[in-house]
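Undergrad: Starting off with a structure, shown below.
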Amino acid sequence: MQNFLSHVETEFYDLTGVLPEGIIGLFGGLLLFSLIIYLIRFEKKKEIILSDLDVSNDIGDEINAKINLSRSLIEMEQIDEARRLLEEVLKENLNSNDQSVANDLLESIK
Numbered sequence: 069m070q071n072f073l074s075h076v077e078t079e080f081y082d083l084t085g086v087l088p089e090g091i092i093g094l095f096g097g098l099l100l101f102s103l104i105i106y107l108i109r110f111e112k113k114k115e116i117i118l119s120d121l122d123v124s125n126d127i128g129d130e131i132n133a134k135i136n137l138s139r140s141l142i143e144m145e146q147i148d149e150a151r152r153l154l155e156e157v158l159k160e161n162l163n164s165n166d167q168s169v170a171n172d173l174l175e176s177i178k
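All letters in the sequence shown, in the order written, are residues 69 to 178 by the numbering used here.
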């Protein structure tokens, strides 16, 4: 173990020109290690999250997507969220088929 520590001290001295001895070497090494870890984490790039992205073109008809989502929410027993979504759908200009489907789903969870 002593040979390993001596080897680490020697390599550190060769790299930095500073000989870490005793408690000062311990704290200096911890400080250097912490600085390296901080710089590694600092360089990590964060992904941009697009929360306000309009995906209505990607999902097709937005009304049908909301109705289908409300069906899934009902199956998952998330009734409040399904009710909110169906009420939002009913406020929009719907054709008779979509309106009857939304009303039927809303009646089924009341």
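Beta carbons: idealized from backbone N, C-alpha and C, even for Gly.
1. Can residue 131 and residue 107 be called in contact, C-beta distance under 8 Å?
2. Would you report the Cα separation of residue 118 and residue 153, rounded to the nearest angstrom?
3. Any idea what DSSP makes of residue 71, helix, strand or coil?
4. Can you grab the Cα-Cα spacing for the pair residue 156 / residue 145, in whole Å?
5. With the cut-off set at 8 Å, would you say residue 150 and residue 158 are in Cβ contact?
6. Does the separation of the CB atoms of residue 87 and residue 81 fall below 8 Å?
7. If you count every other CB in all the chains shown that lies within 10 Å of the CB of residue 98, and 16 or more means buried, which is it?
8. With a threshold of 8 Å between beta-carbons, can residue 151 be considered close to chain B, or not?
TA: So, to answer that:
1. It is not a contact, given that the beta carbons lie outside the stated cut-off.
2. Note that residue 118 scores a pLDDT of 48, beneath 50, so its modelled location is shaky and nothing firm can be said.
3. In the three-state reduction of the DSSP assignment, residue 71 falls in the helix class, which pools H, G and I.
4. 19 Å
5. no
6. Their beta carbons are under 8 Å apart, which means residue 87 touches residue 81 by this criterion.
7. Under this definition residue 98 is an exposed residue.
8. Going by chain labels, chain B is absent from the structure shown, which holds only one protein chain.
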